[in-house]
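For the protein sequence lines, the chains are E and D, in the order given. Numbers 9 to 550, taken from the working numbering, label the letters of the first sequence in order. Numbers 4 to 124, taken from the working numbering, label the letters of the second sequence in order. Idealized CB from N, CA, C, for every residue including glycine.
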Amino acid sequence: MTALTRSFLRKLSRSRGQVADGDVDGAAAAPADPLPDRAAVEIAPNDPLLAYFQDANEAVDVDGLELDSPALRELKAAGVRLAVPLVSQGELIGVLSLGPRLSEQDYSSDDRKLLDSLAGQAAPALRVGQLVREQQAEAATRQRYEQELEIARLIQQNFLPKELPDLDGWRIGAFYRPAREVGGDFYDVIPLPDGRVGFVVGDVTDKGVPAALVMSATRTILRASATRLVEPGQVLEAVNEHLCPDMPEKMFVTCLYGVLDPATGLLRFANAGHDVPYVKTAGGVLELRARGMPLGLLAGMAYEEKEMVLAPGDSALLHSDGIVEAHTPARDMYGFPRLKETVGRRPQDEDLIAFVLADLEAFTGPDAEQEDDITMLTLERIAPAGAAAEGGDDHQIGLLTEFELPSEAGNERLAIAGVERAVASLALSTARLERLKTAVGEATMNAIEHGNENVAERPVHVRVLHSDGRLRVQVADMGETRELPERETPDIEAKLAGLQKPRGWGLFLIDSMVDETRVTSDARGHTLELILHLEGEPDDAE
Amino acid sequence: MTPSELQVRVRDRGGTAVVDLHGEINRSGDERLAQAYRDATRNGARTVVLNFEHTEYINSTGIALIVGLLAQARAQKVQISACGLSEHYREIFEITRLADFITIADSEDGAVGGADGSNDD
Numbered sequence: 009m010t011a012l013t014r015s016f017l018r019k020l021s022r023s024r025g026q027v028a029d030g031d032v033d034g035a036a037a038a039p040a041d042p043l044p045d046r047a048a049v050e051i052a053p054n055d056p057l058l059a060y061f062q063d064a065n066e067a068v069d070v071d072g073l074e075l076d077s078p079a080l081r082e083l084k085a086a087g088v089r090l091a092v093p094l095v096s097q098g099e100l101i102g103v104l105s106l107g108p109r110l111s112e113q114d115y116s117s118d119d120r121k122l123l124d125s126l127a128g129q130a131a132p133a134l135r136v137g138q139l140v141r142e143q144q145a146e147a148a149t150r151q152r153y154e155q156e157l158e159i160a161r162l163i164q165q166n167f168l169p170k171e172l173p174d175l176d177g178w179r180i181g182a183f184y185r186p187a188r189e190v191g192g193d194f195y196d197v198i199p200l201p202d203g204r205v206g207f208v209v210g211d212v213t214d215k216g217v218p219a220a221l222v223m224s225a226t227r228t229i230l231r232a233s234a235t236r237l238v239e240p241g242q243v244l245e246a247v248n249e250h251l252c253p254d255m256p257e258k259m260f261v262t263c264l265y266g267v268l269d270p271a272t273g274l275l276r277f278a279n280a281g282h283d284v285p286y287v288k289t290a291g292g293v294l295e296l297r298a299r300g301m302p303l304g305l306l307a308g309m310a311y312e313e314k315e316m317v318l319a320p321g322d323s324a325l326l327h328s329d330g331i332v333e334a335h336t337p338a339r340d341m342y343g344f345p346r347l348k349e350t351v352g353r354r355p356q357d358e359d360l361i362a363f364v365l366a367d368l369e370a371f372t373g374p375d376a377e378q379e380d381d382i383t384m385l386t387l388e389r390i391a392p393a394g395a396a397a398e399g400g401d402d403h404q405i406g407l408l409t410e411f412e413l414p415s416e417a418g419n420e421r422l423a424i425a426g427v428e429r430a431v432a433s434l435a436l437s438t439a440r441l442e443r444l445k446t447a448v449g450e451a452t453m454n455a456i457e458h459g460n461e462n463v464a465e466r467p468v469h470v471r472v473l474h475s476d477g478r479l480r481v482q483v484a485d486m487g488e489t490r491e492l493p494e495r496e497t498p499d500i501e502a503k504l505a506g507l508q509k510p511r512g513w514g515l516f517l518i519d520s521m522v523d524e525t526r527v528t529s530d531a532r533g534h535t536l537e538l539i540l541h542l543e544g545e546p547d548d549a550e
Numbered sequence: 004m005t006p007s008e009l010q011v012r013v014r015d016r017g018g019t020a021v022v023d024l025h026g027e028i029n030r031s032g033d034e035r036l037a038q039a040y041r042d043a044t045r046n047g048a049r050t051v052v053l054n055f056e057h058t059e060y061i062n063s064t065g066i067a068l069i070v071g072l073l074a075q076a077r078a079q080k081v082q083i084s085a086c087g088l089s090e091h092y093r094e095i096f097e098i099t100r101l102a103d104f105i106t107i108a109d110s111e112d113g114a115v116g117g118a119d120g121s122n123d124d
């Protein structure tokens, strides 16, 4: 075979049927000339030569072949005389190309037989070699990928808090479970000066190592900013400024940051485009909404700051989209409404995180692969053991409940129900409770209709406080500069005579139902405070 | 919470019309209450008894409806009575002085039986 000049092998990529540059050495090595070493010829998938070789079954005389084929022209130009197709299982996997014999004689029929038999044995061997290489390459890719995931997981877990704070009167819980393809979820708990605690839940777009690295940078900047600035809006603003210049394209971070004062239950928060947390209160489940763009997209963003007081018995769930975006096998999505409903439905003595996970599993089915990271952070203010515990006036702020309602007709019934639950521990007489309920209903209706002008998005804010022998229910609207309706004492005779409109009983009823009322106004709106004097809980005798 | 809208039924009890008020009395019950009054007085009843036994909730807009109905009734010389009021709403009828113009009875029978005279307590 040394008489053979040179061989070129073309490796065909199996998957696309294209001819790739041969990287497999020829079966025979020979002296350098006359064919140049680099004469690798591509056979395009639509080239008729490809089909010809595939069906040839024997060595082909290149010179004698007439086909409208660019590859054939190239072979001829390269001085190839004889082409021996290498076919394995009906598929062309390479071609043995031979130049002129060194003796310059034509290839004999013996030469051809030898070459055909060589091709018959070389082709399967070559195919096996190709397969082994492909598998090795795939295995290497897979291993690299697994290693990368492991690195991402390590970065991620290394940056999650090792322990949660032990706060008097609070139960703090956290849960993090990465998807197989690690996402960019994170959470953090940051001790702040004067006993306050910062809570973070965030999600970096993208997955794997890039997301993990951005997450670790975000967390580091957030920690540094949190202790320096404290106010959640300012903190997110600062983090955004730091992240923006170096953020990889198409990546950003959604993040909710809240600062809790465990002593009073006051939670101030800001939100950079993250999923809205839910708070279960006596008056229903509230959404902690605050406006703000995700971090790392645009410099110079401001972040709205909101606050609420978590009353004893209230529980807040901060979460990532891995829950609400989970699917059933039929591709139904879990969704926000179901999560909100689950938070509201959870019995007080059951663990919030376990309850949500159980509901999620019931929804997706037990064998579903988790699509995205799942992260939860829970803040629960422990309710006093018995109703009596609430009775004593102590140094506590005495907040029994606080909630917001959309300004929609009929929602005063929700306010009534919320306040009724909140004051259950005070054991008011039926008559006083009924009067309070009517007053709360009327005050809420006023706020809905007059203050907020029935705009659902302007919520009515209700707070119930108990301290110093006073029960105070504060009903606040967002009427800003709107003037309060004029108080006209309703006169039934004038009304029956058509001299006054039949309406106009609201404020009159409120005044008649409680011991004291007080109206305050600020830039946001008006607050009507209903006050009951509780000392001695007098009988209902007029 | 789904507000339970006002459901009204009108019954005749020997020339006295009884209007059963189920659910909530608020502004949304305006048309239904007006229709009930028309139905109740169509056949010349001189007394209409409002039965609040199954009323869950009355707010100030509901009070306004009752005032409007009362004004209409007075113009037509129709007597309005009430029964089935809870202690709380009885108190509200007193505070608003509706009780000065509506005869409040403890029971439906009392309201119907005393239709010709005062049967206060």
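Assignment of E/P199 by DSSP, reduced to helix, strand and coil, places it in the strand class. Around D/E90, the beta-carbon contacts reaching into chain E at under 7 angstroms are A439. In this structure E/I101 touches E/L134 by the C-beta definition: roughly 6 angstroms separates them, less than 8 angstroms.
Close partners of E/M453 in chain D (Cβ separation under 8 angstroms): N62, S63 and T64.
Short of 6 angstroms from the beta carbon of D/F96, and not among the five residues preceding or following it, lie these beta carbons of its own chain, in chain order: A102. DSSP, reduced to helix, strand and coil, places E/S437 outside both helices and strands of the structure shown, so it counts as coil. Interface annotation, E/L517: in contact with chain D, CB-CB separation under 8 angstroms.
The three-state secondary structure of E/I382, taken from DSSP, is strand. Going by DSSP, E/P510 is part of no beta strand (DSSP E) at all; its letter is neither H nor E. Separation of the CB atoms of E/L244 and E/I229 is rounded to 10 angstroms, and the pair is thereby denied contact status at 8 angstroms.
Contact check for E/G304 against E/E312 fails: the beta carbons are separated by 8 angstroms or more. Straight across, the Cα-Cα distance linking E/D329 with E/R339 is about 16 angstroms. In terms of beta-carbon proximity, E/P510 lines the interface with chain D, with at least one pair separated by less than 8 angstroms.
The DSSP-derived three-state label of E/P240 is helix. Taking every protein chain shown into account, the CB of E/H534 has 16 or more other CB atoms within 10 angstroms, so this residue is buried.
Taking a beta-carbon distance threshold of 8 angstroms, E/K503 counts as an interface residue toward chain D. For the region 69-83 of chain D, the residues whose beta carbon sits under 8 angstroms from a beta carbon of chain E are, in order, V70, G71, L73, A74 and R77. By the Cβ neighbour-count rule, E/Q164 is buried, with 16 or more other Cβ atoms within 10 Å of its own. Relative to E/P414, the option among E/V287, E/D485, E/G266 and E/R227 whose CA is nearest is E/D485.
Rounded to whole angstroms, the Cβ separation of D/V70 and E/K348 is 40 angstroms, and the two are not in contact under 8 angstroms. One thing to note: E/T409 has its Cβ within 8 angstroms of the Cβ of E/A290.
Taking all protein chains shown into account, E/D367 has 16 or more neighbouring C-beta atoms within 10 Å of its C-beta and is therefore buried. What E/W513 touches in chain D, judged by beta-carbon distance under 7 angstroms, is S63, I66, A67 and T99, going in chain order. In the pairwise beta carbon analysis, the region 508-515 of chain E is classified as not touching the region 417-429 of chain E: fewer than three pairs are separated by under 8 angstroms. Look at D/S7 here: in three-state DSSP terms it is coil, with no helix or strand label. Taking the Cα positions, E/F207 is about 13 angstroms away from E/S233. For E/V209, the three-state secondary structure derived from DSSP is strand. Here E/V49 is buried: its Cβ has 16 or more other Cβ atoms, across all protein chains shown, within 10 Å. Linking E/L221 to E/A246 through their CA atoms gives a straight-line distance of about 19 angstroms. At a cut-off of 8 angstroms between beta-carbon atoms, E/I500 makes contact with chain D. Per DSSP, the continuous beta strand (DSSP E) segment holding E/V92 begins and ends at L90 to S96. No residue range can be given for E/T497, since it is assigned to no alpha helix (DSSP H) and is classified by DSSP as neither H nor E. One alpha carbon belongs to D/A43, the other to D/V13, and they sit about 6 angstroms apart. With fewer than 16 other Cβ atoms from the protein chains shown falling within 10 Å of its own Cβ, E/M341 counts as exposed. The CB of E/T446 comes closer than 8 angstroms to the CB of N62, H91 and I95 in chain D, given here in chain order. Taken through DSSP and simplified to helix, strand or coil, E/R389 comes out as strand.
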